[in-house]
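Down below is the structure, laid out as structure tokens.
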Amino acid sequence: MNVESFVDKAEVVLAVRGYETVDVRKKERLVDFTVSPQKSDDKILVRVIIETLSKTGYIGVDSVREMSDLLEKGNYDKGVLVGKRFTEAAKNEMKKDRIEMISEIVKPHFEAIKLFSIINEYTQKLCKAKCGQIALKDSDCKGHADGHYSCDIRLTSDNADFHFRRGWTRFLEKDLMKLLAIEKSTN
0 MNVESFVDKA EVVLAVRGYE TVDVRKKERL VDFTVSPQKS DDKILVRVII ETLSKTGYIG
60 VDSVREMSDL LEKGNYDKGV LVGKRFTEAA KNEMKKDRIE MISEIVKPHF EAIKLFSIIN
120 EYTQKLCKAK CGQIALKDSD CKGHADGHYS CDIRLTSDNA DFHFRRGWTR FLEKDLMKLL
180 AIEKSTN
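Following numbering that gives the first Met the number 0, the numbering of the sequence shown begins with 0 at its first residue and continues without gaps.
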């Protein structure tokens, strides 16, 4: 996974869990998302470490302790740490401090139906923003005509439909990442 894919993965987690982004801070080696679940006052820190100082590429216990201090000082209710891989000491510290870990190996599992539902919500929101309406049938959408796609939103939505029918959650996650990127580029 490359650097951007860790941030993308975090954004998928935020979207699927229904977190509203309150603040995003980009620093030299990391990106911090301060988020809140919908209809809640909880404050959650999602930290993505995009580069380690270690030659091995592992995130160590010092990074976890730094995050733990920030969680306490910032009155956060929960923490999620996203990175490529973690040392055993870092994993143990996260368990102790109840920080959720997401890595190359430890990934949250999403049900296909949940991903597809979120994709449909984003598709509708993006269609309304782009075309002023949500197409109720295929012929109402101008993004696909004569077997050709002129709209990335429609293409991604149709791909997601195909992936959902086969239960391919990994591809559904990528479809959601594409829609999130489209949303970012339009904002």
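Glycine residues also receive a C-beta, built at the ideal position from the N, C-alpha and C atoms.
DSSP beta-bridge partners for residue i?
i       : result
Arg-46  : Asp-31 and Leu-80
Lys-90  : Looking at the DSSP assignment, Lys-90 forms no beta bridge with any residue, so it has no partner.
Phe-85  : Ile-58
His-162 : The partner list for His-162 (beta bridge, DSSP) is empty, contrary to what the question assumes.
Arg-100 : Rather than Arg, the amino acid found at residue 100 in this sequence is Met. Note: Met-100 sits in a beta bridge opposite Leu-80.
Classify residue i as buried or exposed, calling it buried when 16 or more other Cβ atoms lie within 10 Å of its own Cβ.
i       : result
Ala-128 : exposed
Ser-116 : exposed
Phe-5   : buried
Asp-68  : exposed
Leu-82  : Sequence inspection shows Gly at residue 82; the Leu mentioned does not correspond to that position. Buried: at least 16 other Cβ atoms inside 10 Å.
Leu-135 : exposed
Ile-104 : exposed
Asp-76  : exposed
Whole angstroms are fine: how far does the CA of residue j sit from the CA of residue i?
i       : j       : result
Lys-113 : Glu-120 : 11 Å
Ser-62  : Tyr-18  : 24 Å
Asp-157 : Ala-14  : 20 Å
Glu-99  : Lys-141 : 43 Å
Lys-25  : Asn-91  : 26 Å
Lys-177 : Ile-152 : 9 Å
>> Measuring CB atoms only, is the stretch 136-151 touching the stretch 87-96, in the sense that at least three cross pairs come out at less than 8 Å?
In response: With a cut-off of 8 Å, the stretch 87-96 and the stretch 136-151 do not count as touching, because too few Cβ pairs lie within range.
> How about the stretch 163-174 and the stretch 109-117: do they share at least three Cβ pairs that are nearer than 8 Å?
Replying inline: Contact between the stretch 163-174 and the stretch 109-117 is present: 3 or more CB-CB pairs across the two stretches fall below 8 Å.
> Along the chain, which unbroken stretches of the alpha helix (DSSP H) at least 4 residues long are found entirely within the stretch 104-134?
Replying inline: The qualifying runs are 111-130.
> So, do the stretch 129-136 and the stretch 34-49 have three or more beta carbon pairs nearer to each other than 8 Å?
Replying inline: Taking 8 Å as the limit for Cβ pairs, the verdict is that the stretch 34-49 does not touch the stretch 129-136.
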